[in-house]
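Each number in the working numbering corresponds to the 1-based position in the sequence shown with 315 added.
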Amino acid sequence: MATLEVRRIPFEFGDDVPFVWNPRNVAFSTFMNVVSVYAVAFEQMIVAAVREAIPLIADDDVAQEAKDFLRQEAQHSACHRRHLKSLVCHYPGLQQTFDDVIASFEEITDTKPLNYRLAYIADLEATFTPFFKLLLDNEDVLFRTGDDRVSSLLLWHFVEEVEHRSSALVIYDAVVHDDWYRVRVLPSIARHLLAAARIVADGMNEHVPFAERGMNAHDIKPALSMRTALLSRIPGLKPATVPVQPALGEVPWRQKITSGVRVLLSQTPFHNPEKEPLPAFAEIWFERYRRGDDVAHWYGGLAARSGTT
Ligand SMILES: [Fe+2]
Ligand SMILES: [Fe+2]
């Protein structure tokens, strides 16, 4: 069983966090803003489902992991909520969008059986380690040039997702006892995730002026990113016909393909997250946290440290 630490990091966002928090990569900024919305809504659903599951778990160690897992997720949800609050300061219309996404996950909590919700959580969480490894392995190009507050929030969240990579499946296995059920409900889960993504993208397009958003929020979809990558390779094509640079445009294709394959494998019935390759960055993060460094300002803290040594 994993031993999880619940970390309360004092993230503060003020009221000046830009929508495009990493001007070097508009699409990645938008993509991660969408992740912030999902983090609040999905992780609120996790807390409700895992609370319901705990009394059904016979093994004390698994029950303890479930409690720590939900405490970590509750922290993620609360900190991302602070990030969203800062965006709402500038774009008040986004509040309705965020409320709509939260409501769409609350509807799952209210209408779907516990087994379905545990499968949803296990399926989605299983994708996180291979996908977040891709992001953390490219931390220098994706996060370093961004707003330190937002970058630090995301880095913390992603390393803790790697830390509790097995928890959702362990809980699912303890309650559901059907390795194939989570595969069978995958299409319905994917439909819900896509519907929620449409709500977020529509809301961002409606409530954030194009001049401050820099792209159609729908263009962060992987298929559209692929189209952009292909269009950008056609010699002589007018730049206006090529949408904004894809969020992961600077990430090597080999790594993207490996990550994509591992994400697909994570949905197979006997997937074991403990065997996943891990991002080296996670250990660096945990080491700095253990030393007491200011992980709420990861790069600022890094600059301060190198300035004093
Ligand atoms: Fe999380
Ligand atoms: Fe998680």
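Glycine is no exception: its CB is placed at the ideal position from the N, C-alpha and C atoms. Since the structure is predicted, the reported quantities are computational estimates derived from the model, not experimental observations.
#1: Is any heavy atom in ligand 2 found nearer than 7 Å to the beta carbon of E422?
#2: Thinking C-beta only, is P445 closer than 8 Å to S351?
#3: For ligand 2, is there a heavy atom less than 7 Å away from the beta-carbon of H479?
#4: Could you give the uninterrupted runs of the alpha helix (DSSP H) lying entirely in the region 440–525, keeping only those of 4 residues or more?
#5: Just tell me which of W471, A489, S482 has its CA closest to the CA of I372.
#6: Restricting to runs no shorter than 4 residues, where is the alpha helix (DSSP H) found entirely within the region 330–407?
#7: Going by beta carbon distance, what residues of the same chain come within less than 6 Å of E521, once the five residues before and after it are set aside?
#8: If F326 sits next to C404, beta carbons under 8 Å apart, how far is it from one beta carbon to the other, in whole angstroms?
#9: Using only alpha-carbon positions, find the residue among T442, V576, L449, G529 that is nearest to V566.
#10: Inspect the beta-carbon positions of P561 and A342 and report whether they are closer than 8 Å.
#11: Check V610 in the structure and name its three-state DSSP category.
#12: Going straight from the alpha carbon of S481 to that of H391, what length do you get?
#13: Do H398 and V465 have their C-beta atoms within less than 8 Å of each other?
#14: Let me know the secondary structure DSSP gives V566 once reduced to three states.
#15: Does the distance from the C-beta atom of D438 to that of L501 stay below 8 Å?
#16: By the 10 Å Cβ neighbour count, where 16 or more other Cβ atoms means buried, how is A516 classified, buried or exposed?
#17: Taking the alpha helix (DSSP H) that F420 belongs to, which residues open and close that run?
#18: Which residue's Cα is closest to the Cα of L468: P588, Y614, P370?
#19: Indicate, with yes or no, if ligand 2 has a heavy atom lying under 7 Å from the CB of F473.
#20: Using 8 Å as the cut-off, can you tell me whether the region 430–437 makes contact with the region 357–365, which would need three or more C-beta pairs spanning the two stretches below that distance?
#21: Please state whether DSSP places N430 in a helix, a strand or coil.
#22: Compare the Cα-Cα distances from P588 to each of D452, D608, F443 and report the closest residue.
#23: Measuring straight from C-alpha to C-alpha, what distance separates D609 and W600?
#24: Taking the C-alpha atoms as reference points, what is the distance between D452 and D414?
#25: Could you have a look at P573 and say whether DSSP puts it in helix, strand or coil?
#26: Is H398 near ligand 1, judged by its Cβ being under 7 Å from some heavy atom?
#27: Do you know how far the Cα of I514 is from the Cα of R497?
#28: Excluding the five sequence neighbours on either side, which residues of its own chain have a C-beta within less than 6 Å of the C-beta of E476, listed in chain order?
#29: Specify the secondary structure class of A317 as computed by DSSP and reduced to three states.
#30: Determine the burial state of V576: buried for a count of at least 16 other Cβ atoms within 10 Å of its Cβ, exposed for fewer.
#31: May I ask you to check if the CB of F443 is nearer than 7 Å to at least one heavy atom of ligand 2?
#32: Is the beta carbon of A317 closer than 8 Å to that of E380?
With the structure as the only source:
#1: no
#2: no
#3: yes
#4: The qualifying runs are 454–457, 463–478, 482–491, 496–499, 501–522.
#5: The option with the nearest alpha carbon to I372 is A489.
#6: Segments of the alpha helix (DSSP H) lying fully in the region 330–407: 341–368, 375–405.
#7: none
#8: About 15 Å; that fails the 8 Å criterion.
#9: L449
#10: yes
#11: When secondary structure is reduced to three states using DSSP, V610 falls in the helix class.
#12: 17 Å
#13: Yes. Within cutoff.
#14: coil
#15: Taking C-beta atoms as the reference points, D438 and L501 count as a pair closer than 8 Å.
#16: buried
#17: 409–426
#18: Y614
#19: Relative to ligand 2, F473 has its C-beta separated by 7 Å or more from all heavy atoms.
#20: Short answer: they touch.
#21: Three-state DSSP puts N430 in a helix.
#22: F443
#23: 11 Å
#24: 33 Å
#25: Here residue 573 is Thr; the residue named in the question, Pro, does not match the sequence. Reduced to three states, the DSSP call for T573 is helix.
#26: no
#27: 25 Å
#28: F443, F447
#29: In this structure, A317 counts as coil in the three-state DSSP scheme.
#30: exposed
#31: yes
#32: yes
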